[in-house]
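For reference, the structure is listed below as structure tokens.
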Amino acid sequence: MKNPVVSRIVGVIAGLVVAMLVVMAAEGAGHAMFPPPEGLDITRPEDQARLMELIPLGAKIAVVVAWFLGALAGAATAIAIARHILPGWIVGLVMVALSLVTTQMFPHPMWMIAAAVILPIAGVLAAKRLVTSRLTT
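Per my numbering, residue 1036 is the first one in the sequence shown, and the count goes up by one each step.
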């Protein structure tokens, strides 16, 4: 794309779509490996409050890995399309915001709240390193 503004907007949109798809796939794989406990109905507030104490550690790790992978893939897509780092950071910051919203829906351990901030940023930094070295000006 010749117009840098258009390429950056397209990069952000494509990056967000890729990030969403990767998070859905990674979390889906985590749910397949660690299905919710029997009798747990996450639509009931009392079950939401107990959710984090009932699910195994592996399920929690799968969620935070999904946040990292989504930010990595989304930022890499945005940077590659836009040929600029800013769209990658926009995707990463949206991922931080969405991850934090997720942690506020029901009680999460403090390490998951910290991971909601740290891992998407780490994903953007990794994407920057992977993609910018391959871009030609």
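For glycine and all other residues, C-beta sits at the position ideal for the given N, C-alpha and C. Quick caveat: nothing in here was measured; it's all calculated off a predicted structure.
The alpha-carbon of M1145 is positioned some 43 Å away from that of N1038. Exposure of V1040 is indicated by the presence of fewer than 16 other C-beta atoms within 10 angstroms of its C-beta. Counting along the chain, S1042 sits inside the alpha helix (DSSP H) bounded by residues P1039 to M1068.
In this structure, L1107 lies near G1158, with their beta-carbon atoms less than 8 Å apart. The beta carbon of V1100 sits closer than 7 Å to the beta carbons of A1061 from its chain, once the five residues preceding and following it are set aside; these are given in chain order. Separation of the CB atoms of V1166 and A1115 is rounded to 5 Å, and the pair is thereby assigned contact status at 8 Å. Contact check for K1163 against G1123 passes: the beta carbons are separated by less than 8 Å.
Excluding its 5 nearest sequence neighbours in each direction, I1048 has no C-beta neighbour in its own chain below 7 Å.
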